[in-house]
Amino acid sequence: MLRHLPLLLATALAVQAADTTLTLDVAAPAGRVSPIHHGLMTEEINHCYDGGLYAELVRNRAFRDDAEKPVHWSAVGGAALALDAAVPLNSAIPGSLRVEVSASGGGVANEGYWGMPITPATRYRATVHAKAAGGLAGPLTVSLQSKDGTVTYASAEVRGLSADWQALEVTLKTKRGLTPTSDARLVISSSAPGTLWLGFVSLFPPTWKDRPNGLRRDLMQMLVDLKPKFLRFPGGNYLEGDTIDTRFKWWETLGPIHERPGHMGTWGYRSSDGMGLLEFLLWAQDMGAEPVLGLYAGYSLKGDYVKPGPDLEPFIQEALDEIEYVIGPVTSKWGARRAADGHPEPFPLRYVEIGNEDWFDKSLSYDGRYAQFHDAIKARYPHLKCISSIGNEQPARLRVHSRRPDVLDEHYYRNTEAFLKMSPHHFDAYDRSGPEIFVGEWAAHETAFPPWDAKSKGLPATPNMKAAIGDAAFLAAMERASDLVTMQCYAPLLANINGYQWRPDLIGYDALRSFGSPSYYAIQLFSTRLGDQILRPVFSEGATIQGSATRDAKTGRVFVKLVNPLPSAQSLRIELAGVRSVSRTAKVFTLAGAETATNSIDAPTAVVPVASTTRVPAPTFTYTLAPTSITVIELKTR
Ligand code: AHR
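In this text, residue positions in the sequence shown follow the working numbering: the first is 302, and each later residue adds one.
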């Protein structure tokens, strides 16, 4: 999403007198830009997967979301519904939904995740695991209808119902010319009265790359457009679980989706585990990103922890097996399982993270737990880099001292004012011979209170332009230090605007539509113009403009990334030292708006980057930055 500004206006902005000077010595790079600097952080939060990126449309598809009631399901045509523990689908799904149909046309409806996306000329694949009693043989009608049942968008009959469990499959096709809507539900009805049981019901629209059990196309496109180089998963808190028993048990997320038990997540709802370990790996692969695998390390959110020593050994083995699933040869136990799951090729893996935010473990057991994981992983996989989940932003007594982690994960949730204040010098004091830094979670909030404050409830899921300014200032700081800060990822990434537990989030969506926040576009401006050499920007005394600059050694292109936090325009004299010549015209990309300006589901592109050009008469030139703006100037130098 890019708009174009007329050349005249851009040029007019370029001739004013300068308030601030920026000097860049293009011939003296200060370091190498990490090629994997930009990545994505992900976990099941805000209906990020279920009701989000994971394209499944049926909510509570295995009838396990509530022990008492078939939530998100309702009766149609006078049927009676009840959960039935006496009729299990299989050992993973130990129950079903009993449907007593009293008249032809009776059945059930699923409301989806705040509706279902109906688009024209679209094929939806439905799978219904069903059985019946008393000779009821169907057929069943599977249809996509409006919520009130007055409009049918697509419908098909399915035969084969019997007294044994059957996986009945059917394709539903919508017509051309139909107006897209999320006012939809899935209905399964019987042509005759009788009793039937549903064990698992699934419905998929077309997915990214048409992968079965795949991902939502619009959201994947937005993620791919960020050019991420890595994917951190599966958390975050979601990795840890509230309790040890509800940790992310990766082995339970493998295999056919109707044989996955699912589990209670940490953000107030159950996960279907349709997004399992293999799906995460394929997701990374499909984006051209490498996985950064979070390993459960024996601490869960409510404070349970496993003492280092023999008690921790089974958890170490879980982690080693998980790594083997990712990279083991097909001759290994878990490599063979990966091959049986359809992916004989090992995935790339260089980084594993031991736990998540273990500074919350007040028993101070992390040093011992980390050491045990570190030693076991290094013994078996010496090439893997181990990330400590506690970084320098935490008090020294909490950090790992008994081993030298390869990487430290630091988390920064700060308001815009704090990021603007800390960004100019934050990483200057870091020891360049110390561990690499992975900023595994960060985000600016526009509010005076933090995201976890109750006052955040009710605010929009995505941030506004003010937050994007804080984000861009911090991004610039991380980029300037990207020889040290080798990886960074904003968090959280995704939020269903109808059901989120944390704000601000980078991308918002409902069942049908999606949009990027101003922060999304700020990150995109940086990530798509990365360069490979760090240039040291020197601003004149008292400058309020912040920024970073990089150069692409192959093409000679220089990317100057500038943040103007003031609500007024600021002119900037840019002095490029160490160049013989500079291209006469530079490309300019500007993200600007009032602090309160933002995007939303109904106004998805109110704040997007605008492309323009500016004349560069000489290596020293003046450019005027728009009020409250993030600007990238792209020049060709020799
Ligand atoms: O990003 C939201 C949460 O913030 C993550 O789950 C957790 O790691 C952090 O506290």
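Every residue gets a Cβ at the ideal spot worked out from N, C-alpha and C, and that includes glycine.
So what's residue i in DSSP terms, helix, strand or just coil?
{"i": "Y580", "result": "Before going further, note that residue 580 is Glu rather than Tyr in the sequence given. Helix."}
{"i": "V409", "result": "strand"}
{"i": "T343", "result": "coil"}
{"i": "M788", "result": "strand"}
{"i": "D622", "result": "helix"}
{"i": "E541", "result": "helix"}
{"i": "F890", "result": "strand"}
{"i": "F549", "result": "coil"}
{"i": "Q802", "result": "coil"}
{"i": "T312", "result": "Caution is warranted here: a pLDDT of 36 is assigned to T312, below 50, making its placement in the model unreliable, and no coordinate value can be reported."}
{"i": "E742", "result": "strand"}
{"i": "L323", "result": "strand"}
{"i": "P615", "result": "helix"}
{"i": "L520", "result": "helix"}
{"i": "M417", "result": "coil"}
{"i": "F648", "result": "coil"}
{"i": "H675", "result": "helix"}
{"i": "Y355", "result": "strand"}
{"i": "Y822", "result": "helix"}
{"i": "R852", "result": "strand"}
{"i": "A468", "result": "strand"}
{"i": "L936", "result": "strand"}
{"i": "I660", "result": "Checking the sequence shown, residue 660 turns out to be Trp, not Ile. Looking at W660 - three-state DSSP - the assignment turns out to be helix."}
{"i": "I628", "result": "helix"}
{"i": "T475", "result": "coil"}
{"i": "L699", "result": "helix"}
{"i": "R424", "result": "strand"}
{"i": "G636", "result": "helix"}
{"i": "E694", "result": "coil"}
{"i": "Y350", "result": "coil"}
{"i": "F296", "result": "Outside the shown range of the chain, which is 302 to 939, sits residue 296, and nothing can be said about it."}
{"i": "A383", "result": "strand"}
{"i": "F750", "result": "coil"}
{"i": "Q317", "result": "Because the pLDDT of Q317 is 46, which lies under 50, any placement of that residue in the model is unreliable, and the question is left without a value."}
Would you list the one or two residues that DSSP bridges to residue i?
{"i": "N797", "result": "Y810"}
{"i": "L871", "result": "At residue 871 the sequence reads Gln, which differs from the Leu that was named. Answer by DSSP bridge pairing, in chain order: L926."}
{"i": "P592", "result": "L532"}
{"i": "C687", "result": "V653"}
{"i": "E876", "result": "T324, T921"}
{"i": "P562", "result": "Answer is none; P562 lacks a bridge partner."}
{"i": "G495", "result": "V402"}
{"i": "Q446", "result": "T453, R486"}
{"i": "H430", "result": "A468, F501"}
{"i": "S841", "result": "DSSP lists no partner for S841."}
{"i": "S374", "result": "First, the residue type needs correcting, since residue 374 is Trp and not Ser in the sequence shown. Beta-bridge pairing links W374 to N411."}
{"i": "Y606", "result": "Y600"}
Regarding residue i and the ligand AHR, is the C-beta to nearest heavy atom distance less than 8 Å?
{"i": "N514", "result": "no"}
{"i": "N657", "result": "yes"}
{"i": "G566", "result": "no"}
{"i": "N797", "result": "no"}
{"i": "D712", "result": "In the sequence as presented, Asp is not what sits at residue 712; that position holds His. H712 Cβ: within cutoff of the ligand AHR."}
{"i": "N693", "result": "no"}
{"i": "G536", "result": "yes"}
{"i": "P793", "result": "yes"}
{"i": "Y570", "result": "no"}
{"i": "W803", "result": "yes"}
{"i": "M788", "result": "no"}
{"i": "M766", "result": "no"}
{"i": "E654", "result": "no"}
{"i": "Y539", "result": "yes"}
{"i": "I346", "result": "yes"}
{"i": "M342", "result": "yes"}
{"i": "E646", "result": "no"}
{"i": "E742", "result": "yes"}
Under 8 Å from any heavy atom of the ligand GDP, does the C-beta of residue i make it?
{"i": "R362", "result": "Judged by which ligands are present, the ligand GDP is missing from the structure shown, whose ligands are the ligand AHR."}
**Prompt:** For the region 702-745, which segments carrying the beta strand (DSSP E) assignment without a break, of at least 3 residues, lie completely within its bounds, in sequence order?
**Reply:** 708-716
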